Each structure stands twice: as structure tokens, then as C-alpha cells.
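Engineer: The structure that follows is given in the form of C-alpha cells.
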Amino acid sequence: MGSLDYRALAVLDAVASQGSFEKAALALGISQSAVSQRIKALEDAAGRLLIVRGQPAVPTGLGQRLVSHHRNVRLMEAALDIDMGHKVSMPEIALAVDAASLATWFPMSLQPLLSPPRCQLKVQLADQRMALHLVQEGSVFGSIAAAQEHPDQHANGPEVTPLGKLRHVCVATPAFAGHWFGDGFSQEAARLAPAVISDQDMMTGFLRATLELNGPYPHHTMPQSAATAECIYGSLAYGLMPQIQVSGALAAGRLVDLAPGHHVDVALNWHAWNLDTPFTRALTEQIVATAQRFLL
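Note that the sequence shown ends on residue 574 in our numbering; no numbers are left out.
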């Protein structure tokens, strides 16, 4: 492509972030025709399509790589400006985080990172597959995701750092346990009692390992969220929840462990591009240090 036009790359980044030419124009304070012209000039220079026009407008593979390059350059420029004593606006760092981490230990890493504020974090919820896809394509700087059984090998991909294991235990309220599992947590009772799940493979594996239960069992399927917790705390279902999330409720007797001694440990990894700036170093250091405090 020859030398890159970084003003045009900023426009490409805005279109990718905003999802439309019109919104990108509003965000940048320029006309929509100026946005179209700069994208067209970039595409002419590349000889390839960079944005798939649609609702929303999304970058192609090459377009996403150029957006990632632009964001990395902005981070490095901000670091240089700080070293030179210049006043800079806080750079944005995008992350993808799994629901269980977001609900438990990940927020504990934010205080030392954002006080005083050194960057703007853009955190999005993503399951394992999506989180790995986003970091591999460069849409996010880093991701926290469950470790793969058979990880893909990418020689030039992001670095992978094991964080530890997040333990899940099977819980219910005493009222629910008394009604459905009065005679104990058994295979027969589990074929009747409603569960609430966000990861069917996890619960299915747990019931198979704990009760030797194979085949269907009644369950509600929901994303891991307040709704899932409300089902359990509201005595509507039983389910697997991160131990650090329910330890207080277990100690207070508001929840009971249906299968003491049985649990599911989910290994988590931090995937991040090797971008050496104060912001990205601090981010990685805080995430790894927080995981060491709270994970097994």
C-alpha cells in the first residue's frame, strides 16, 4: 500500500467502531461525504475492499488489521507523548472478557489500573469462541477466556498467559434443596428438578461425573447474568455458580452446596498482543496479579 494515510485510518477506525459512515462522520465532526472519500482512497490504495457496506458496516479482514494497526500506533504515540511530558488524551484499550470473570474477580483489577486514570477501557462480554476470535483478528487488545482443550497454534498470534482456575459449585437455596432434593442430590431427583444453565456442556459434565446421569434433564438456559443468579436465589432452580461469587451466601446459609466435594474448575487464559506501552504493561500486570489472588 505504500505509506499509510493515518488520517484516513482514523476514519476507517471510526466506521468500524460506530458501525456506519453517518455515525462515524458525527463522531469525527466531518461530513459523511468526507468519510466516504477517505475510505474510498484507502481502498483504492489497498486495491481491496476494506469496509463491507451494510447495517452495520463492518471491516473486512484487511480492514480490521488496518484498524488494529491504527489503534496500536495511537497507544505507542500516547506513551511517547507521556515520556516527553506532553499532555495527551487517554488512549482506548478494548478487551473481551467471559461472563464468569466479569461477574467475579476481573473488576478487582480495575482500581489500581484506573486510579489515577491511564487509559479508557472498552470491555465487552464474550464467550470463549468469540473472545478468541476477537483477539486473533485484532478487534481487541486482549481477552480472558476459558482454556481450549486443543489450542490453535498461531506463530504470530497473541501471547497466552495461564491465569488459574475458577471453581464452580452446584448450589440452591435451602427451600429449593428441601423440596427437590429432600432425600439427597440423586440421579432420580436431578431428572425432575429444574436447573438453570449458561453452559450446557459444563452442567451436563458435572451431572455425569457426580451422579452418573446421562441423557436429558430439565433446565432453563440463560446467559450467565443477574437473571441466572435470580433464578437460584429465588428458589426457581439450582445451578453451577463461581465459588467466590457465592461463598458469602454459603457461609450465611442463604445457599447450600448440593454436592460437597464436587465442583468444576475452569482454567482461564489471558490472550494479549505483545504491545510494549505503559498502558498495556500495566493492564497485563494487574490482570495477572488479580487472577493470582482470586483463582486457584
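Glycine is no exception: its CB is placed at the ideal position from the N, C-alpha and C atoms. Because the structure is a prediction, the values reported are computed rather than measured.
Let me make sure I understand the geometry here. Which of Ser-503, Ala-527, Ala-545 and Pro-496 has the alpha-carbon closest to that of Pro-440?
Structural biologist: Ranking Ser-503, Ala-527, Ala-545 and Pro-496 by Cα distance to Pro-440 puts Ala-545 first.
Engineer: Please go through the stretch 518-556 and give each complete alpha helix (DSSP H) segment of 4 or more residues, from N-terminal end onward.
Structural biologist: For the stretch 518-556, whole alpha helix (DSSP H) runs of length 4 or above, ordered along the chain, are 521-530.
Engineer: Which residue comes first and which comes last in the alpha helix (DSSP H) that contains Gln-406?
Structural biologist: 406-415 is the extent of the alpha helix (DSSP H) around Gln-406.
Engineer: Could you pull the DSSP bridge partners for Ile-475 from this structure?
Structural biologist: Partner(s): Thr-499.
Engineer: Would you mind sorting Leu-327 into buried or exposed? The rule is 16 or more other CB atoms within 10 Å of its CB.
Structural biologist: Exposed: under 16 other Cβ atoms inside 10 Å.
Engineer: Counting along the chain, where does the beta strand (DSSP E) carrying Pro-440 start and finish?
Structural biologist: Unbroken beta strand (DSSP E) run through Pro-440: 437-450.
Engineer: Report the rounded CA-to-CA distance for Thr-499 versus Thr-555, giving the unit in angstroms.
Structural biologist: Their Cα atoms are separated by approximately 41 Å.
Engineer: Can you give me the C-alpha to C-alpha distance between Val-534 and Val-418, rounded to a whole angstrom?
Structural biologist: Approximately 38 Å, taken between the alpha carbons.
Engineer: State the Cα-Cα distance for the pair Gln-414 and Phe-454, rounded to the nearest angstrom.
Structural biologist: One C-alpha to the other measures close to 43 Å.
Engineer: Return helix, strand or coil for Leu-373, following the three-state DSSP convention.
Structural biologist: The answer is strand: DSSP assigns Leu-373 an E or B state.
Engineer: Under 8 Å Cβ to Cβ from Leu-553, same chain only, skipping five residues before and after it: list those, please.
Structural biologist: Excluding residues within five positions, the ones whose Cβ falls inside 8 Å are Asn-350, Leu-353, Met-354 and Phe-419.
Engineer: Looking at C-alpha atoms only, which residue of Val-336, Val-401 and Glu-300 is the closest neighbour of Leu-388?
Structural biologist: Looking at the Cα atoms, Val-401 is the closest of the given residues.
Engineer: Using a threshold of 8 Å, state whether the C-beta atoms of Ala-302 and Val-313 are closer than that.
Structural biologist: Taking 8 Å as the Cβ cut-off, Ala-302 and Val-313 qualify as a contacting pair.
Engineer: Exposed or buried, which one is Ser-379 when buried takes at least 16 other CB atoms within 10 Å?
Structural biologist: When all chains shown are included, Ser-379 counts as buried.
Engineer: Below 8 Å between beta carbons: does that hold for Leu-561 and Ile-371?
Structural biologist: Yes, these two residues count as a Cβ contact at 8 Å.
Engineer: Closer than 7 Å by C-beta to Ile-495: which residues in its own chain qualify, once you throw out the five before and the five after it? Chain order, please.
Structural biologist: Inspection of the sequence shows that residue 495 is occupied by Tyr rather than by Ile. Only Ala-468, Arg-469, Ala-473 and Leu-485 meet the Cβ criterion.
Engineer: Gln-406: which of Val-542, Tyr-516 and Ala-377 sits nearest, CA to CA?
Structural biologist: It is Ala-377 whose Cα lies nearest to the Cα of Gln-406.
Engineer: Which same chain residues end up closer than 6 Å to Gln-564 when comparing Cβ atoms and leaving out the 5 residues on each side of it in sequence?
Structural biologist: Cβ neighbours of Gln-564 beyond the five flanking positions: Ser-387, Pro-390 and Leu-391.
Engineer: Give the DSSP-derived three-state secondary structure of Gln-564 in the structure shown.
Structural biologist: In the structure shown, Gln-564 sits in a helix (DSSP, three-state: H, G or I).
Engineer: Out of curiosity, what's the CA-to-CA distance linking Asn-492 and Leu-410?
Structural biologist: Those two C-alpha atoms are separated by around 30 Å.
Engineer: Counting only the same chain and skipping the five closest in sequence on each side, list residues whose C-beta sits under 6 Å from that of Gln-521.
Structural biologist: Closer than 6 Å at Cβ, skipping near neighbours: Arg-445 and Val-447.
Engineer: Of the choices Val-375, His-541 and Glu-437, whose alpha-carbon is the least far from that of Arg-559?
Structural biologist: Out of Val-375, His-541 and Glu-437, Glu-437 has the C-alpha closest to the C-alpha of Arg-559.
Engineer: Can you tell me which of Ala-374, Ala-487 and Val-293 puts its alpha carbon nearest to the alpha carbon of Ala-550?
Structural biologist: Of the candidates Ala-374, Ala-487 and Val-293, the one whose C-alpha sits nearest the C-alpha of Ala-550 is Ala-374.
Engineer: Beta-carbon within less than 8 Å of Gln-398's beta-carbon, same chain only, minus the 5 sequence neighbours each way: which residues are those?
Structural biologist: Once the five neighbours on either side are set aside, the close Cβ partners of Gln-398 are Met-368, Pro-369, Glu-370 and Ile-371.
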